[in-house]
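Student:
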Amino acid sequence: MPLLHLSPPPHRLFLVGGRRRRLLLPAAPRYSRICIRAAAAAEAYGLPFPPERALHHLELAAAAAAVERACSLCIDVKRTLLSGDKKILEKNDQTPVTVADFGVQALISLELQQSFPSIPLVAEEDSASLRSSNTDDNSSNVLVESISSAVADKVSNANSLLTHDDVLRAIDRGGKNAVSFDSNPATYWVLDPIDGTKGFLGGDDALYVVGLALVVNEKVVAGVMGCPNWSNATIASRKEDSSAAQLDRGILMIAHVGCGTWSRHLFVDIGQFTTAQSTWNRCLVDSCSVVHMARFCIPDSQTWNMIPLSVLFNSTMDESNPRDSWDHAVGVICVQEAGGQISDWSGKPLDLAADLTGRRDIYPSGGVLVTNGALHGKLVEMISENHK
1 MPLLHLSPPP HRLFLVGGRR RRLLLPAAPR YSRICIRAAA AAEAYGLPFP
51 PERALHHLEL AAAAAAVERA CSLCIDVKRT LLSGDKKILE KNDQTPVTVA
101 DFGVQALISL ELQQSFPSIP LVAEEDSASL RSSNTDDNSS NVLVESISSA
151 VADKVSNANS LLTHDDVLRA IDRGGKNAVS FDSNPATYWV LDPIDGTKGF
201 LGGDDALYVV GLALVVNEKV VAGVMGCPNW SNATIASRKE DSSAAQLDRG
251 ILMIAHVGCG TWSRHLFVDI GQFTTAQSTW NRCLVDSCSV VHMARFCIPD
301 SQTWNMIPLS VLFNSTMDES NPRDSWDHAV GVICVQEAGG QISDWSGKPL
351 DLAADLTGRR DIYPSGGVLV TNGALHGKLV EMISENHK
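For the sequence shown, position 98 (counting from the first letter as 1) is numbered 98 according to full-length UniProt numbering, and the numbering increases by one without interruption.
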C-alpha cells in the first residue's frame, strides 16, 4: 500500500545581512509517514470512542484487527493439533510452543508492518528453534509449512505470495536480536502470541490469550487481548441476563489511555468483522473494598474461589528474578483503564524500561500485584507485614 509522506520541507532560505542562510526546521513528528491503509482500517473497524479522544486510535484499530485475525488462526490450528503432523516443539526452558504461537507472531508482525513499518516489535518467540530443529525426518519443514499455511489463510494481504522465508523473517522481527534500544524513550509493540500455551494444548475450557500492547515513552497507551476460549455464557450468568446467555465463545478486549476498557464478541470468521460501535461493552472492575471478601481468578479456568489472599502473599520470591514484559504489558492498560491498579509488591509501578537494550525484561519487586484499585493499598500493606 502506498505511503502518504507528510514531512515538511527540509529547509527555508532567509536573507540575513545580504547573505543567504539555511534555517533547518525541527524534525518531523513521530510518524512522518502515515499509512493510508491504517487510516482506512481505523475508519472501518469501529472503535467504541471517537478518534479525537484517542491519540493512538490508528494503532489500536490496526492492533485489534490483527489480534482478531490471530484468534481465528488459533481456533483453526487447535482443531488440527491432533493430526499426524508435528506441530509442537519444546523450547530450551522446557515450555511447549506450537504452530499457533509461531503463526500468531508471524501474522501480527506482518499485519503491523504493513500499517506501521517504523514501529519495532518486542515478542516472545524467534525462529531459532525452527531453524535448528532436527530435520532427519523432515519435521522442521513440516512445521514451517504448517505455520506458513496457517498465516497465509489469515493474512489481510492475501494477494501476495508468502514464502517460508517471509514467515521466518516475520517471526524474527519480534525476536531478541531484532532491535536494540537505549536509555531514550521509545515507541514499540509488545506481543505475547499465546499467553497460556499449556491451556491452548489442554481441554476445551482452558483459557489462553493473544495479547498486544503499544508502549510510548515507557507507558502502555493501548492494548488488545483476544481470548478465543472465553465462555460468553459465564458473563451473561453474572449479569443475570437470560437473553445474553448464549453458548458462544470468545471475546476481544481493547483499551486506550483515557478512553476506558471495552469488550465485545470475538468474530472468528474474518468476513464477520463488524463496524457497529453498539457491539462494544464497557469493562469496569468490581467495587469490593473488604480484603477478606475479595476473590481472585484461577488462571487455568473461569472459576472464582474464596482462598484467603493472605495465603497467596506468604510465599517469598527472588526479587532479582526478571519477568517477561509481554506477560504483563497488555494487562497493565486493560486493568488500569477499567479502574484497577497494577504495581509490584512494594507498590511501585512496573518499569517497562528496566531492560534498556531489549525492553524484554521487567524486575518487579517480589511480584506483580493486580487489584481493583480499592484494595491495592491494603494489599501492599499486607504484603509488607508478611515480609518483615
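Quick reminder that beta carbons are idealized off the backbone N, C-alpha and C, glycines included.
Go ahead and pull the three-state DSSP assignment for Leu-212.
Tutor: Strand at Leu-212.
Student: Going by DSSP, which residues form a beta bridge with Asn-281?
Tutor: According to DSSP, which records beta bridges pairwise, Asn-281 is partnered with Ser-263.
Student: Pairs of beta-carbons, one from the segment 345-359 and one from the segment 253-263, closer than 8 angstroms: are there three or more?
Tutor: No: fewer than three Cβ pairs fall under 8 angstroms.
Student: Which residue from Ala-294, Val-285, Val-209 and Asn-321 puts its Cα closest to that of residue 395?
Tutor: Here the chain covers residues 1 to 388 and nothing more, so residue 395 does not appear.
Student: Between the C-alpha atoms of Leu-352 and Val-67, what's the straight-line distance to the nearest angstrom?
Tutor: Spanning the two alpha carbons is a distance of roughly 22 angstroms.
Student: Between Val-285 and Ala-329, is the Cβ-Cβ spacing less than 9 angstroms?
Tutor: No, the Cβ-Cβ distance between Val-285 and Ala-329 is not below 9 angstroms.
Student: What number of angstroms, rounded off, separates the C-alpha of Gly-175 from the C-alpha of Lys-198?
Tutor: Using only the alpha carbons, I get a separation of about 21 angstroms.
Student: What span of residues does the alpha helix (DSSP H) with His-328 cover, start to end?
Tutor: Unbroken run through His-328: none, as it is neither H nor E.
Student: Decide yes or no for the touch test of the segment 159-170 against the segment 186-197: beta carbon pairs closer than 8 angstroms, at least 3 of them.
Tutor: Verdict: no, contact absent.
Student: Assuming Val-144 and Ala-106 form a contact by the criterion Cβ under 8 angstroms, report the distance between their Cβ atoms to the nearest whole angstrom.
Tutor: The pair is not a contact, with the Cβ atoms about 10 angstroms apart (cut-off 8 angstroms).
Student: Go ahead and pull the three-state DSSP assignment for Asn-177.
Tutor: Correct three-state label for Asn-177: coil.
Student: Rounded to whole angstroms, what is the Cα-Cα separation between Ser-287 and Ser-365?
Tutor: Near 26 angstroms, if we compare the C-alpha coordinates of Ser-365 and Ser-287.
Student: Per DSSP, Thr-371 forms a beta bridge with which residues?
Tutor: Answer is Gln-341.
Student: Could you compute how far the alpha carbon of Gln-113 sits from the alpha carbon of Gly-331?
Tutor: When rounded, the distance between both Cα atoms is 23 angstroms.
Student: Run through the DSSP bridge pairs and tell me what Ile-362 is partnered with.
Tutor: Answer is Arg-323, bridged to Ile-362.
Student: When DSSP labels each residue in this structure, what does His-256 get in the three-state scheme?
Tutor: Looking at His-256 - three-state DSSP - the assignment turns out to be strand.
Student: Provide the residue span of the alpha helix (DSSP H) that contains Ile-75, from first to last.
Tutor: First-last of the alpha helix (DSSP H) with Ile-75: 57-80.
Student: Considering only the beta carbon of each residue, do Cys-334 and Gly-226 sit closer than 9 angstroms?
Tutor: Not a contact, by the Cβ cut-off of 9 angstroms.
Student: Does DSSP put Val-221 in a helix, a strand or coil?
Tutor: Residue state, collapsed to three classes: strand.
Student: Which residues share a DSSP beta bridge with Thr-187?
Tutor: Bridge partners of Thr-187: Val-216.
Student: Exposed or buried, what is Asp-182 when buried is set at 16 or more other beta-carbons lying within 10 Å of its beta-carbon?
Tutor: Exposed, since its Cβ has fewer than 16 Cβ neighbours within 10 Å.
Student: In whole angstroms, what is the alpha-carbon distance linking Val-100 and Pro-349?
Tutor: Correcting the residue identity first, residue 100 is Ala in this sequence and not Val. Straight-line Cα distance between these residues: approximately 32 angstroms.
Student: Considering only DSSP beta bridges, list what Ser-231 is partnered with.
Tutor: Its beta-bridge partners are Arg-249.
Student: Taking the beta carbon of Arg-282 as the centre, do at least 16 other beta carbons fall within 10 Å, making it buried, or is it exposed?
Tutor: Exposed, by the Cβ-count rule.
Student: Could you tell me the distance, in whole angstroms, from the CA atom of Val-104 to the CA atom of Val-151?
Tutor: Spanning the two alpha carbons is a distance of roughly 8 angstroms.
Student: Any idea what DSSP makes of Val-151, helix, strand or coil?
Tutor: Three-state result, Val-151: helix.
Student: Mind checking which residues open and close the beta strand (DSSP E) that includes Leu-121?
Tutor: Where Leu-121 is concerned, the enclosing beta strand (DSSP E) stretches over 121-123.
Student: Alpha carbon to alpha carbon, how far is Glu-125 from Asp-172?
Tutor: Taking the straight line joining both Cα atoms gives about 8 angstroms.
Student: Please name the residue or residues paired with Asp-195 in a DSSP beta bridge.
Tutor: DSSP, once it has assigned bridges, lists Val-209 as partnering Asp-195.
Student: Per DSSP, what kind of secondary structure is Gly-347 in: helix, strand or coil?
Tutor: It is coil, neither helix nor strand.
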